[in-house]
Amino acid sequence: MPEDYEKIWSTALGELEVVLSKANFTTWFRDTFIYDYKKGVFTVGVPTFFIEDWLKKKYIKEIKNALQKQTKEQIEDIKFKVASPPKKTKELVDKSEVIHTPVDNSKSFPQVERVVDKPRNDTLNERYVFENFVVGTENQLAHAAAKSVADKPGKAYNPLYVYGDSGLGKTHLLQAIGHKILIKNPKIKVLYVSCETFTNDFIEAVRGGKAKEFKNRYRNVDVLLVDDIQFLGAKEQTQEEFFHTFNHLHQKNKQVVMTSDRAPKEIKGLEKRLQTRFEWGMVADIQTPGYETRCAILQSKCAEKGRVIDRDVVSFIAENIESNIRELEGALIKLFAYCDLAETTPSLAVTEKILSEIISRNQRRQVVSVEKVLKSIQKFYHIPIEDLVSRKRNKEVIKPRHVAMYILKNVVGLSYPEIGRELGGKDHTTIIHGCKAITKGISASRQLKDEIELLKESIFE
1 MPEDYEKIWS TALGELEVVL SKANFTTWFR DTFIYDYKKG VFTVGVPTFF
51 IEDWLKKKYI KEIKNALQKQ TKEQIEDIKF KVASPPKKTK ELVDKSEVIH
101 TPVDNSKSFP QVERVVDKPR NDTLNERYVF ENFVVGTENQ LAHAAAKSVA
151 DKPGKAYNPL YVYGDSGLGK THLLQAIGHK ILIKNPKIKV LYVSCETFTN
201 DFIEAVRGGK AKEFKNRYRN VDVLLVDDIQ FLGAKEQTQE EFFHTFNHLH
251 QKNKQVVMTS DRAPKEIKGL EKRLQTRFEW GMVADIQTPG YETRCAILQS
301 KCAEKGRVID RDVVSFIAEN IESNIRELEG ALIKLFAYCD LAETTPSLAV
351 TEKILSEIIS RNQRRQVVSV EKVLKSIQKF YHIPIEDLVS RKRNKEVIKP
401 RHVAMYILKN VVGLSYPEIG RELGGKDHTT IIHGCKAITK GISASRQLKD
451 EIELLKESIF E
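Residue numbers (UniProt numbering): 1 to 461.
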């Protein structure tokens, strides 16, 4: 494969990383590469058949557009091939050396001067500021605590621990704190990382004998912002290092802020000494936004985009999409995209038509067959259904089988004996063990949590 095409794909990945969420980009594109190119046809190498199917179904247009921007040749088709990446390409992706296309946010959001020590590619997002955070009764306490911390870092609430379900604005608040602190004093060292990044940096430091560099990065800061701290659970060595990092910063009156999808005492595998420290300052939760807050969020998002929609449209969306802020924003994006392409206005009739699929998905209590669940797991893990319901106990089968147990219990709502009968007559204690294994795994592994969410999506299609 000519090196030019490797560079084209690397640049295209940079384009895709800009338009996709971090989770989607990492899940679907991390181990992809250019497998072949012939006369206007790119063949993209992918690690699994499930990813091949997903990219074909969900991202083919985005991939083609990203590639077309990088070459003068007309791209006729995009194909996929399940294969292992060449060593050079794998190293390139593992080190995150994709070529990033700069994005001009100045038209929509003010540029914020900041000095941020950035491990890997973690940065503060200019969108996440207090000025565009919509405050309601569901997030009022967390918002007030965050502003207090931003006004007096290390003095107000230290640490500040904010928790709530995904998509409710925790990351927004976390990064807004960093922005406000830096606006007031650009010389303050603010470090924003995910718990996953902290863990990976620690592992690399241990393997590479770079403990000093690691400590310099995380302990020589004034403000440490850590997203998704729940992934610290069950990681004993990482917890030990975070314990010492936390103590070092706290003793020097340096601010620590953390977000999580659950309260400290609910993080399985979290040491008691860390749980206690997380509760030293302020623990504030964020609830799912109510109707009034959802309306305010929609109006705020419209104002950000310079769009105007009728009140009845706002009310319709707010009444029918209740889960989280991301889905509200996603609904607006889909609506505006359709209206722009069709050169029409977002009337109530148009909104009802365009958002019907999203709304029906949110409104109905899904009735899912066992067969649908098992077929989805078969496709995701590339494991025959016969093996899932068999007595085989090799590691390739155990995890998918446990996932099947977990989904049949927590999504379909079957009882343990019912699940046992559906999976080849297994004892209910075996089912309990399998469900507990996945529940524990989700709290310790972002990858497993993402896998479960992606499986739910495929089951509910």
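Where is the CB? At the ideal position from N, CA and C, for every residue including glycine. Computed from a prediction, not measured in an experiment: that's the story for all the values here.
Exercise for the section: Pull up the distance between the alpha-carbon of Glu396 and that of Thr276, whole angstroms please. Expected result: Along the sequence shown, read from residue 1 onward, the residue named residue 396 stands at position 396. Along the sequence shown, read from residue 1 onward, the residue named residue 276 stands at position 276. One C-alpha to the other measures close to 38 Å.
Exercise for the section: If I'm right that Gln287 touches Gly164 with Cβ under 8 Å, what's the distance once you round it to whole angstroms? Expected result: By 1-based counting over the sequence shown, the position of residue 287 is 287. By 1-based counting over the sequence shown, the position of residue 164 is 164. Yes, they are in contact, since the Cβ atoms of Gln287 and Gly164 sit about 7 Å apart, within 8 Å.
Practice task
Ignore the nearest five residues each way along the sequence and tell me which others in Ala444's own chain have a CB closer than 8 Å to its CB.
Solution key: Here the question's residue 444 lines up with position 444 in the sequence shown. Here the set comprises Phe231, Gly233, Ala234, Lys235, Lys268 and Gly269.
Handout entry: Residue environment, Glu15, which counts as buried when at least 16 other CB atoms sit within 10 Å
Key = As a position in the sequence shown, residue 15 is number 15, starting the count at 1. Answer is buried; the Cβ neighbour count reaches 16.
Handout entry: Straight-line Cα distance separating Asn394 from Arg207
Key = Along the sequence shown, one-based indexing puts residue 207 at 207. Along the sequence shown, one-based indexing puts residue 394 at 394. Going from the Cα of Arg207 to the Cα of Asn394 covers about 30 Å.
Problem - First and last residue of the uninterrupted alpha helix (DSSP H) at Ser315 - result: Position 315 of the sequence shown, counted from the first residue, corresponds to residue 315. Counting along the chain, Ser315 sits inside the alpha helix (DSSP H) bounded by residues Arg311 to Asn320.
Problem - Ile181 beta carbon less than 7 Å from that of Val223 - result: For the purposes of this step, residue 223 is identified with residue 223 of the sequence shown, where counting begins at 1. For the purposes of this step, residue 181 is identified with residue 181 of the sequence shown, where counting begins at 1. Going by C-beta atoms, Val223 is nearer than 7 Å to Ile181.
Exercise for the section: Check Gln70 in the structure and name its three-state DSSP category. Expected result: Within the sequence shown, residue 70 is the residue found at index 70, counting from 1. Of the three classes helix, strand and coil, the one that applies to Gln70 here is coil, per DSSP.
Practice task
Please report the Cβ distance between Gly425 and Arg401, rounded to the nearest whole angstrom; I am assuming they are in contact, meaning their Cβ atoms lie under 8 Å.
Solution key: Counted from its first residue, the sequence shown places residue 425 at position 425. Counted from its first residue, the sequence shown places residue 401 at position 401. About 13 Å separates the two Cβ atoms, so there is no contact after all.
Problem - Bounding residues of the alpha helix (DSSP H) (the contiguous stretch that carries Gln178) - result: Counted from its first residue, the sequence shown places residue 178 at position 178. For the sequence presented, residue 178 should be read as Gly rather than Gln. Taken as a continuous stretch (DSSP letters only), the alpha helix (DSSP H) holding Gly178 covers Lys170 to Lys184.
Practice task
Kindly indicate which residue of Leu328, Val350, Glu329 and Glu327 has the alpha-carbon position closest to the one of Tyr338.
Solution key: On the sequence shown, residue 338 is found 338 positions in, with the first residue counted as 1. Here the closest residue by C-alpha is Val350.
Exercise for the section: Below 7 Å CB to CB, which residues in the same chain sit around Leu298 once its five sequence neighbours on both sides are set aside? Expected result: In the sequence shown, residue 298 corresponds to position 298, counting from 1. Leaving aside the five residues that flank Leu298 on each side, the residues in its chain whose CB is nearer than 7 Å to its CB run, in chain order, Val314, Ile317, Ala318, Leu328 and Leu332.
Handout entry: Start-to-end residues for the beta strand (DSSP E) that takes in Val162
Key = Along the sequence shown, read from residue 1 onward, the residue named residue 162 stands at position 162. For Val162, the enclosing beta strand (DSSP E) covers residues Leu160 to Tyr163.
Practice task
Determine the contact status of Glu60 and Ile78, defining contact as a CB-CB distance below 7 Å.
Solution key: For the purposes of this step, residue 60 is taken as the residue at position 60 of the sequence shown. For the purposes of this step, residue 78 is taken as the residue at position 78 of the sequence shown. It is worth fixing the name first, because residue 60 is Ile in this sequence and not Glu. Between Ile60 and Ile78, the CB-CB gap stays under 7 Å.
Handout entry: Top-ranked residue by Cα proximity to Gly178, from Leu225, Gly45 and Glu343
Key = Here residue 178 refers to the residue found at position 178 of the sequence shown. Of the candidates Leu225, Gly45 and Glu343, the one whose C-alpha sits nearest the C-alpha of Gly178 is Leu225.
Handout entry: Best match in Thr32, Leu274, Val41 and Lys58 for proximity to Glu457 [C-alpha to C-alpha]
Key = Start at 1 with the first residue of the sequence shown, and residue 457 comes out as number 457. Just measuring C-alpha positions, the residue of Thr32, Leu274, Val41 and Lys58 sitting nearest Glu457 is Lys58.
Problem - Residues near Phe29 by beta carbon distance below 7 Å, same chain, minus five either side - result: Translated into the one-based positions of the sequence shown, residue 29 becomes position 29. So the list reads Leu13 and Leu16, once near-sequence residues are dropped.
Problem - Between the CA atoms of Ser260 and Ala150 - distance to the nearest angstrom - result: Residue numbering aside, residue 150 sits at position 150 when the sequence shown is read from its first letter. Residue numbering aside, residue 260 sits at position 260 when the sequence shown is read from its first letter. Per the coordinates, the alpha-carbon of Ala150 lies some 19 Å from the alpha-carbon of Ser260.
Practice task
Per DSSP, which residues does Phe42 bridge with? Please list them.
Solution key: For the purposes of this step, residue 42 is taken as the residue at position 42 of the sequence shown. Answer is Tyr37 and Ile78, bridged to Phe42.
Problem - Ala150 - containing alpha helix (DSSP H), residue span - result: Within the sequence shown, residue 150 is the residue found at index 150, counting from 1. Residues Gln140 to Asp151.
Problem - Residues near Pro417 in its chain [Cβ-Cβ closer than 7 Å; skip 5 each side] - result: The residue you call residue 417 lines up with position 417 of the sequence shown. Shown here for Pro417: same chain residues with a beta carbon closer than 7 Å to its own, the five before and five after excluded, namely His428 in chain order.
Exercise for the section: Pull up the distance between the alpha-carbon of Thr48 and that of Leu249, whole angstroms please. Expected result: On the sequence shown, position 48 is the one that residue 48 refers to. On the sequence shown, position 249 is the one that residue 249 refers to. Looking at the backbone, the Cα of Thr48 and that of Leu249 are separated by about 43 Å.
Practice task
Going by CA-CA distance only, name the one from Gly413, Glu62, Lys399 and Lys334 that's closest to Ser369.
Solution key: Taking the first residue of the sequence shown as position 1, residue 369 is located at position 369. Here the closest residue by C-alpha is Gly413.
Exercise for the section: Rank Leu55, Leu335, Leu341 and Gln74 by C-alpha distance to the C-alpha of Asp31 and give the top, closest one. Expected result: For this step, residue 31 is matched to residue 31 along the sequence shown. The shortest Cα separation from Asp31 among Leu55, Leu335, Leu341 and Gln74 belongs to Leu55.
Handout entry: Outcome for Glu357 when other beta-carbon atoms lying within 10 angstroms are tallied against a minimum of 16
Key = The count along the sequence shown starts at 1 and reaches residue 357 at position 357. Result: exposed.
Practice task
Rank Ser390, Leu335 and Ser376 by C-alpha distance to the C-alpha of Ile407 and give the top, closest one.
Solution key: Walking along the sequence shown from the start, residue 407 turns up at place 407. Per the C-alpha coordinates, the member of Ser390, Leu335 and Ser376 positioned closest to Ile407 is Ser376.
Practice task
Reducing DSSP to helix, strand and coil, say where Ala284 ends up.
Solution key: For the purposes of this step, residue 284 is taken as residue 284 along the sequence shown, with counting starting at 1. Looking at Ala284 - three-state DSSP - the assignment turns out to be strand.
Exercise for the section: Using only alpha-carbon positions, find the residue among Ala263, Glu240, Ser84 and Gln237 that is nearest to Val162. Expected result: Stepping through the sequence shown from its first residue, residue 162 is reached at position 162. By alpha-carbon distance to Val162, the top candidate from Ala263, Glu240, Ser84 and Gln237 is Ala263.
Exercise for the section: Can you tell me which of Gln175, Ile325, Lys301 and Thr71 puts its alpha carbon nearest to the alpha carbon of Glu138? Expected result: By one-based count along the sequence shown, residue 138 stands at place 138. Of the residues Gln175, Ile325, Lys301 and Thr71, the one whose Cα lies closest to the Cα of Glu138 is Ile325.
Exercise for the section: Locate the alpha helix (DSSP H) running through Ser194, then write down its first and last residues. Expected result: For the purposes of this step, residue 194 is taken as the residue at position 194 of the sequence shown. Looking at the DSSP string, Ser194 is not in any alpha helix (DSSP H); the run it does join, the beta strand (DSSP E), is Val190 to Ser194.
Handout entry: Bridge partner(s) assigned by DSSP for Met258
Key = Translated into the one-based positions of the sequence shown, residue 258 becomes position 258. Answer is Tyr161 and Val226, bridged to Met258.
Exercise for the section: Please report how far the alpha carbon of Leu67 lies from the alpha carbon of Asn220, in whole angstroms. Expected result: The count along the sequence shown starts at 1 and reaches residue 67 at position 67. The count along the sequence shown starts at 1 and reaches residue 220 at position 220. Each residue's alpha carbon lies about 41 Å from the other.
Exercise for the section: Evaluate Gly40 with the Cβ neighbour count: other Cβ atoms within 10 Å of its Cβ, from every protein chain shown; 16 or more gives buried, anything less gives exposed. Expected result: As a working note, residue 40 is residue 40 in the sequence shown. When all chains shown are included, Gly40 counts as exposed.
Practice task
Please state whether DSSP places Ser400 in a helix, a strand or coil.
Solution key: The count along the sequence shown starts at 1 and reaches residue 400 at position 400. First, the residue type needs correcting, since residue 400 is Pro and not Ser in the sequence shown. It is helical.
Handout entry: Nearest residue (CA-CA) to Arg391, options Gly136, Gly420 and Ile432
Key = The residue you call residue 391 lines up with position 391 of the sequence shown. Checked all of Gly136, Gly420 and Ile432; the closest Cα to Arg391 is Gly420.
Problem - Assigned secondary structure, Arg30 (DSSP; H/G/I helix, E/B strand, else coil) - result: Here residue 30 corresponds to residue number 30 of the sequence shown, with the count starting at 1. Correct three-state label for Arg30: coil.
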